[in-house]
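Just so you know, the protein sequences line up as chains R and D, in that order. Reminder that position 321 of the first sequence reads as 321 in my numbering, one-by-one numbering, no gaps. To get my numbering, take the position in the second sequence, counting from 1, and add 1000. Structure first, commentary second.
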Amino acid sequence: MLGLDSKDFKLLLIVAALTMLAPFILNPFPEGSGMAQFNAGYPDLMQRFVIFGIFAIGFNILFGLTGYLSFGHAAFLGVGSYGAMWMMKLFSLNVLPAIAVGIIVSGIFALAVGYVSLRRSGIYFSILTLAFAQMSYALAYSVLTPLTGGETGLQIKSTDNPLLSTIPEGEIGRASLFGLDMRASYEMNAGDWLFTFNAGYYIAALIMLLAFYLSIRIFRSPFGTMLRAVKSNQTRMYYTGLNARPYTLAAFVISGMYAGLAGGLLVAMDTQVGPERMFWTASGEVVLMTILGGAGTLIGPVLGSGVIKYMENILSKINKDILHEWFAFLPDGLEDFIVAIVYPFVGKGWHLTLGLIFMAVVIFLPGGLVQGGQKIARLFRGKKASEDSDEKSTQSTPAE
Amino acid sequence: MEAIILQILNGLDKGSAYALIALGLTLIFGTLGVVNFAHGALFMIGAFCAVTLSRILTLSHTVIDESKTDFLGNPLKVDVPYVYDFFGQATGDAIIDWAVPLSILFAIPVMMLIGVVMERGLIKHFYKRPHADQILVTFGLAIVLQEVIKYFYGANPIPTPAPEAFTGSFDFGAMLGFDPNMIIYPYWRIIYFIFAAIIIGGVFAFLQFTTFGMVVRAGMADRETVKLLGINIDRRFTLMFGLAAAVAGLAGVMYTPINSPNYHMGMDFLVLSFVVVVVGGMGSLPGAVLAGFLLGTLESFASMGAVLEVLPGINQIVIYLVAIIILLTRPRGLMGRKGVMED
Chain R
1 MLGLDSKDFK
11 LLLIVAALTM
21 LAPFILNPFP
31 EGSGMAQFNA
41 GYPDLMQRFV
51 IFGIFAIGFN
61 ILFGLTGYLS
71 FGHAAFLGVG
81 SYGAMWMMKL
91 FSLNVLPAIA
101 VGIIVSGIFA
111 LAVGYVSLRR
121 SGIYFSILTL
131 AFAQMSYALA
141 YSVLTPLTGG
151 ETGLQIKSTD
161 NPLLSTIPEG
171 EIGRASLFGL
181 DMRASYEMNA
191 GDWLFTFNAG
201 YYIAALIMLL
211 AFYLSIRIFR
221 SPFGTMLRAV
231 KSNQTRMYYT
241 GLNARPYTLA
251 AFVISGMYAG
261 LAGGLLVAMD
271 TQVGPERMFW
281 TASGEVVLMT
291 ILGGAGTLIG
301 PVLGSGVIKY
311 MENILSKINK
321 DILHEWFAFL
331 PDGLEDFIVA
341 IVYPFVGKGW
351 HLTLGLIFMA
361 VVIFLPGGLV
371 QGGQKIARLF
381 RGKKASEDSD
391 EKSTQSTPAE
Chain D
1001 MEAIILQILN
1011 GLDKGSAYAL
1021 IALGLTLIFG
1031 TLGVVNFAHG
1041 ALFMIGAFCA
1051 VTLSRILTLS
1061 HTVIDESKTD
1071 FLGNPLKVDV
1081 PYVYDFFGQA
1091 TGDAIIDWAV
1101 PLSILFAIPV
1111 MMLIGVVMER
1121 GLIKHFYKRP
1131 HADQILVTFG
1141 LAIVLQEVIK
1151 YFYGANPIPT
1161 PAPEAFTGSF
1171 DFGAMLGFDP
1181 NMIIYPYWRI
1191 IYFIFAAIII
1201 GGVFAFLQFT
1211 TFGMVVRAGM
1221 ADRETVKLLG
1231 INIDRRFTLM
1241 FGLAAAVAGL
1251 AGVMYTPINS
1261 PNYHMGMDFL
1271 VLSFVVVVVG
1281 GMGSLPGAVL
1291 AGFLLGTLES
1301 FASMGAVLEV
1311 LPGINQIVIY
1321 LVAIIILLTR
1331 PRGLMGRKGV
1341 MED
């Protein structure tokens, strides 16, 4: 189906089902219950799940397939955001042209950066991309203020006059898709549960599915095989008469365009952008997402971005009182002791948990959470099946 | 003219910090071949050694001073640091005042220990893995270390002043025959520069003139052969990792009066230090030091008003720009050896 083999098609179907039903799946706890804070089914967070999923999928096409570790990928996200923002300010509040411009602008930027950076590999490539990203950040922050709004960033203001749309007097402009407001939500009450279906989320989710489908096609194409050849042995590739540069450059530009798409979508959802989106910690975050989920796997990056965004928004909200509530069933002394132990890892300290999980993944599971899942699945399937799958997995490890 | 001298001076202290961190990074890379993204965190931990020591020194207990009363007529409670009890008030005050320089003595063993534990506990397992994995695991370690520090010390910068004697500024211009107050330079920055020079000189002397250093240099050139000669090179390299950590830590200790330490200062320095190492040449110790001072000075020149008028914003990007040019035209860096990490 759709040019995919049955296994990949099944994966695509699963991802499609998960994203479409996300408002239900992410809201498993009834409103007002003690566990309600673990609900992630609100529009803002769901949008972030899929948008950063796109970002990580794109990063994975570069890092997962070719092994080039870019430490400046957030620059493309930022440039795409600025491009989309200006399109909305000047042309139309419709999101489609804005996103398209975001993709094009960051694609061109990625072409320029990639052309220069890909002359080196390994650590030098990482430093070069980092240097470019930091330069973009510094410029957006200072000199390019007329273009980027400097520290305050850009918003759609009532003084803006887009060519094709009008902003009502005294209101801020809202992004829309042919009149469908991105913030429009339909709320459904089912017993104690409250489910929110947000227009912006579904548009972002559909685009994410498309991006995911494209990445499967890239992974399975002869082009994807070439990229994997770059990773495993570039020298041998040269000796067979193939030049690796055009392939890696194409991968770099594609992954830059994915980042631009994510940036454009971010602007479409919250109609604002600031230079901090390009700071190198943002680049580090997408690296974390991809590695955590599993670099070189199809589903890994989406998984990783989901885990990190969930932790960032949910784990960080847990404070001491909530912990005391949870462990209230324990005797007092023990309760205080457990709370004292757990507290540094949640709330403001969620980065600590993230860092520890990340280190554990790099040390023990170089294939990320996906590899962990496979290992567990193998345990359950028993020994005979594991031997079979071992053989299979050695043949297709990088893409699995 | 005076503006130029001022910028050179300004560049020196920043350049000293770059040079010290880059020196440590290069020591680790040259000996163990590991790209250490956690090095900035070591710099930060060094700075927090100074914070810790000054907190330990000001630990106090409350005594009731019968001779003074508050406005209600009750005896006043006074916090008395323990050092007063041990050394008397005058000496105690002096010790607290000199907390930052004293932290050097405190930081050296602590940082050596952290370095050795880090190498034995974590980095050792990553020699055989690709550079990307080393970058990633040390990046994760850096996050963990800075979060631990944030947990214990909070997210705000902690002012840690230099000793009273060094708080003033030195009128450099008057000495050279300019008008007074044209070129003034804080004493502590001079101290920082001298300190950095001593440390750098010390490391080079250690590598150049001791038997231990000779073996390490031999190991850097050809690890296998040194091993075949029956020398336990791994243990020496572990110690070098500790030394590199100590250098980064000392750079951090002495930097605290210039910039109040906060938990993410290491990361801010790390990105620039990597650029410095690459410009100087991966694995070249003199290159790292030279590039550190060069780029520090360049950065301060770029932030001169006259330069900014011609090229606005150049001060923000000049280091990266230089790095890009160097990497593209001379990938082994200013003083890198031919063939080392040159691809």
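In this text, a Cβ means the ideal position worked out from N, Cα and C, and glycines have one as well.
Classified as buried, R/Glu285 has 16 or more neighbouring CB atoms from the shown chains inside 10 Å of its CB. DSSP places R/Met278 in the helix class (H, G or I) of the three-state scheme. Boundaries of the alpha helix (DSSP H) harbouring D/His1039: His1039 to Leu1057, taken from the DSSP string. Among the residues facing chain R, D/Phe1269 is not included, as its CB has no counterpart in that chain under 8 Å away.
With a cutoff of 8 Å on beta-carbon distance, R/Gly114 and R/Val339 are scored as not near each other. Around R/Ser142, the beta-carbon contacts reaching into chain D at under 7 Å are Gly1313 and Gln1316.
D/Phe1172 is positioned such that its CB atom lies closer than 8 Å to that of D/Leu1009. D/Asn1156 and D/Phe1166 have their C-alpha atoms spaced approximately 25 Å apart. For D/Gly1336, the closest Cβ of chain R is not nearer than 8 Å.
In the three-state reduction of the DSSP assignment, D/Asp1171 falls in the strand class. Residue pairing by DSSP places D/Lys1077 opposite D/Ile1064 in a beta bridge.
DSSP, reduced to helix, strand and coil, places R/Ser176 within a strand of the structure shown. Note on geometry: alpha-carbon atoms of D/Leu1072 and R/Gly349 lie some 44 Å from one another. DSSP places R/Glu325 inside the alpha helix (DSSP H), whose first and last residues are Lys320 to Trp326.
The residues Ile1184, Tyr1185, Pro1186, Tyr1187 and Ile1190, in chain order, have a CB closer than 8 Å to that of D/Phe1170 in the same chain once the five nearest residues on each side in sequence are set aside. Contact fails between the segment 31–51 of chain R and the segment 98–117 of chain R, because fewer than three Cβ pairs, one in each stretch, are under 8 Å apart. Of the residues assessed, R/Thr290 falls on the buried side of the cut-off, its CB having 16 or more other CB atoms within 10 angstroms. For D/Ile1184, the uninterrupted beta strand (DSSP E) segment begins and ends at Ile1184 to Pro1186. Straight through space, the alpha carbons of R/Lys7 and R/Lys231 are spaced by roughly 24 Å. Taken atom to atom, the span from the alpha-carbon of R/Gly333 to that of R/Tyr343 is near 15 Å. Per DSSP, R/Asn189 lies in no alpha helix (DSSP H) segment; the continuous beta strand (DSSP E) that holds it begins and ends at Ser185 to Ala190. Per DSSP, the continuous alpha helix (DSSP H) segment holding R/Trp350 begins and ends at Trp350 to Phe364. The C-beta distance from D/Leu1122 to D/Val1137 rounds to 7 Å, short enough to meet the 8 Å contact threshold. Secondary structure note for D/Asn1010: its alpha helix (DSSP H) is the uninterrupted segment Glu1002 to Leu1032.
Judged by beta-carbon spacing, D/Met1112 lies within the 8 Å limit of D/Gly1242, meaning their Cβ atoms are closer than that value. With respect to chain D, the C-beta atom of R/Ala131 has a partner C-beta closer than 8 Å. With contacts defined as CB atoms closer than 8 Å, R/Ile61 and R/Ser255 qualify as a contacting pair.
D/Ala1038 and R/Phe279 have their alpha carbons spaced roughly 18 Å apart. Here R/Arg236 is exposed. Its C-beta has fewer than 16 other C-beta atoms within 10 Å. DSSP places R/Phe195 in the uninterrupted beta strand (DSSP E) bounded by Trp193 to Asn198. Chain order gives no chain D residues near R/Ser70, where near means a beta carbon separation below 8 Å; the closest approach is about 11 Å. Look at R/Val273 here: in three-state DSSP terms it is strand. Secondary structure note for D/Gly1213: its alpha helix (DSSP H) is the uninterrupted segment Thr1211 to Ala1221. Per the Cβ contact rule, the segment 1234–1248 of chain D is not in contact with the segment 1087–1101 of chain D (fewer than 3 Cβ pairs under 8 Å). Within the segment 1252–1309 of chain D, the complete alpha helix (DSSP H) runs of at least 4 residues fall at 1265–1280 and 1285–1302. Per DSSP, R/Ile167 is not a residue of any alpha helix (DSSP H), being assigned neither H nor E.
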